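Below is one structure; the comments refer to it alone.
Numbering (my numbering), first residue to last: 1 to 130.
Structure (structure tokens):
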């Protein structure tokens, strides 16, 4: 599939494809190995581009609330997410996204830490964070 010669894992098959009422299509893959391969950003982009320039691959994520996160952390920054992975010895790319639980405008003036909702890409990393 990839132009750079990256091979699709052997035994890759689509078991089912379901069209949801929203128009979203969900695929069930034959192996977890294939799902992991497809979760890699470049592979996901190439896969989606075969369908449409508007298509995206959304990975399953595991939500986790983390407390006492310094307010200096910027959950919207991909650089901050990668830095958090490195500092906490997490698998690269395992933090899909993050957001503050409470709106920034509702914080107390003395507050220095807050709760963050992390979306983690694997249950193994989610358990590691716990």
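Glycine included, C-beta positions come from ideal geometry on N, C-alpha and C.
Predicted model, so just to flag it, every value in this text is computed and none were measured.
Return the chain-ordered list of same chain residues with a C-beta closer than 7 Å to the C-beta of residue i, the five sequence neighbours on each side being excluded.
i: residue 75; result: 98, 99, 100, 116
Ordered along the chain, which non-local residues of its own chain (more than five positions away) have a Cβ less than 6 Å from that of residue i?
i: residue 68; result: 113
i: residue 16; result: 28
i: residue 12; result: 34
Only counting the same chain, and skipping five residues up and downstream in sequence, which positions put a Cβ closer than 8 Å to that of residue i?
i: residue 9; result: 31, 33, 34, 37
i: residue 129; result: 64, 66, 88, 90, 118, 120
Secondary structure at residue i, three-state DSSP: helix, strand or coil?
i: residue 64; result: strand
i: residue 43; result: helix
i: residue 56; result: coil
i: residue 8; result: coil
i: residue 119; result: strand
i: residue 38; result: helix
i: residue 124; result: helix
I'd like to confirm the pairing. Which residues does DSSP put opposite residue i in its beta bridges?
i: residue 28; result: 16
i: residue 113; result: 70
Any beta carbon of chain D sitting closer than 8 Å to that of residue i?
i: residue 62; result: Structure shown: chain D not included; a single protein chain is present.
Any 3 or more C-beta pairs closer than 8 Å across the stretch 46-58 and the stretch 80-93: no
Every unbroken beta strand (DSSP E) inside the stretch 72-104 [3 residues or more]: 95-100
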